[in-house]
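Student: Numbering (our numbering), first residue to last: 4 to 300. We treat Cβ as the ideally placed atom computed from N, Cα and C, and that holds for glycine. What you are looking at is a predicted structure, and each value in this text was computed from that prediction instead of being measured.
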Ligand code: SF4
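1. Return the CA-CA distance between residue 197 and residue 172, expressed in angstroms with no decimal places.
2. If you follow the beta strand (DSSP E) that residue 179 is in, where does it begin and where does it stop?
3. Assess, as a yes-or-no matter, whether the segment 229-242 is touched by the segment 206-215 under the definition of 3 or more beta carbon pairs within less than 8 Å.
4. Taking 7 Å as the cut-off, does the CB of residue 253 come closer than this to any heavy atom belonging to the ligand MN?
5. Pair every Cβ in the segment 80-93 with every Cβ in the segment 16-23, then say whether three or more of these pairs are closer than 8 Å.
6. Quick one: is residue 260 buried, meaning 16 or more other Cβ sit within 10 Å of its Cβ, or exposed?
7. Just checking, does the segment 119-127 make contact with the segment 26-45 on the three C-beta pairs under 8 Å criterion?
8. According to DSSP, which residues form a beta bridge with residue 212?
9. Check whether the Cβ atoms of residue 73 and residue 25 sit closer than 8 Å, and answer yes or no.
10. Enumerate in chain order the residues of its own chain whose CB-to-CB distance from residue 61 is below 6 Å, with the five nearest sequence positions on each side excluded.
11. Report whether the distance from the Cβ of residue 264 to the nearest heavy atom of the ligand SF4 is below 7 Å.
12. Flag this pair as yes or no: are the beta carbons of residue 148 and residue 163 separated by less than 8 Å?
Here's what the structure looks like:
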């Protein structure tokens, strides 16, 4: 019997969707297809707030003062947290990624937004002679550059955080801003953005880095051309096809610690909560029947 498995309606894909799917496609299913009530986190508003401040500061041609940029970012954080708190007032509905209490985590991350903003501005100004945002053809700084491209028949949508120009050589590099603690394992995201830049402007960017706010410094430059359009297109297409086929597998690991849908996961969650959102082929058995069938073997 072939099962009809619901899939995500996908007018377009994004890099983060593909990344989530590759890490744990069951997490993808619970978030995007089942849309289960996710646990709230303060790290998402922290990332959004920092990006809002950094983008505004860069788009002002770096004319905005550091205090103004910090105020903007912190206000954004406060607003997002307030909305989430209203939606989920119970601490049990929040995830801090450890034993830290929710209010303590929220306060710490608020301080971090301001600290990261000041650090980013100081670092950028100190290195202004070495690199600064490139200019788009219309004269705007190359900041949060939006793109919609089609690769192997799949439409991919996103935005490039920053393209930098190095005046000494005239070279361009890509930069993605990270507020989390974990260094990305590879440069695939940057390569995808390099491909998008090529499609937008027929211009090759060979190198890129991640600006790690926790270190207040970028990672060493990494070569983007190692993941060519052929690789990116094939992976994107495989992700798209697998998802359309309704293929979802739980993949337990360290990342489960920060999984906002863990409660509903058949691998890591509680039987009661997970039971309501099981894949159709798992719903054939309820948990008691599963126990019995295990005992019989
Ligand atoms: S708890 Fe782990 S295995 Fe389960 S959905 Fe989340 S990331 Fe996947």
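Tutor: This is what the structure holds:
1. In the chain shown, counting from the first residue as 1, residue 197 sits at position 194. In the chain shown, counting from the first residue as 1, residue 172 sits at position 169. Our two residues, residue 197 and residue 172, have alpha carbons roughly 19 Å apart in a direct line.
2. As a working mapping, residue 179 is identified with position 176 in the chain shown. Start and end: 174-181.
3. Verdict: no, contact absent.
4. No copy of the ligand MN occurs in the structure displayed; its ligands are the ligand SF4 alone.
5. Contact between the segment 80-93 and the segment 16-23 is absent, because fewer than three Cβ pairs lie under 8 Å.
6. Position 257 of the chain shown holds residue 260. Exposed, because fewer than 16 other Cβ atoms sit within 10 Å of the Cβ of residue 260.
7. Short answer: they don't touch.
8. In the chain shown, residue 212 corresponds to position 209, counting from 1. DSSP output for residue 212 lists 178 as bridge partner(s).
9. Locating residue 73 in the chain shown gives position 70, counting from the first residue. Locating residue 25 in the chain shown gives position 22, counting from the first residue. The answer is no: Cβ separation not under 8 Å.
10. Stepping through the chain shown from its first residue, residue 61 is reached at position 58. Excluding its 5 nearest sequence neighbours in each direction, residue 61 has C-beta neighbours in its own chain below 6 Å: 136, 144, 146, listed in chain order.
11. Stepping through the chain shown from its first residue, residue 264 is reached at position 261. Indeed, a heavy atom of the ligand SF4 lies less than 7 Å from the Cβ.
12. Reading the chain shown from its first residue, position 145 is the one you call residue 148. Reading the chain shown from its first residue, position 160 is the one you call residue 163. At the C-beta level, residue 148 and residue 163 come within 8 Å of one another.
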